[in-house]
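**Q** If you want our numbering, it's the 1-based position in the sequence shown plus 962.
Virtual Cβ for every residue (Gly too), placed ideally from N, Cα, C.
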Amino acid sequence: MSIVKYLGTIEFYSLEQVATFVTSLGMLEDAPRVEIKYIPDTNTWVGHIVKGN
């Protein structure tokens, strides 16, 4: 059984910001999982950061 811990939400205002964040996560040894969704109404991307152990 794994426990998932919600770490927070992050909002991006451009696709370039999303790409930079994802690239930075790739450099971490024990990176959290981020689920990113595009919100067309506000033209932003929202990432929900979670970590399982």
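(1) Do you know how far the Cα of Leu977 is from the Cα of Ile1001?
(2) Output the boundary residues of the beta strand (DSSP E) element that contains Glu978.
(3) Distance check for Gln979 and Arg995, CA to CA, integer angstroms please.
(4) Leaving out five residues before and five after Ser972 in sequence, what residues of the same chain have Cβ atoms less than 6 Å from its Cβ?
(5) Return the CA-CA distance between Phe974 and Met989, expressed in angstroms with no decimal places.
**A** Based on what the coordinates show:
(1) About 12 Å.
(2) Not the beta strand (DSSP E): Glu978 falls in the alpha helix (DSSP H), residues 977 to 988.
(3) Taking the Cα positions, Arg995 is about 17 Å away from Gln979.
(4) A small fix is needed here, since residue 972 is Ile in this sequence, not Ser. Excluding positions up to five away in sequence, the list reads Gly1009.
(5) Distance between the alpha carbons of Phe974 and Met989 is about 19 Å.
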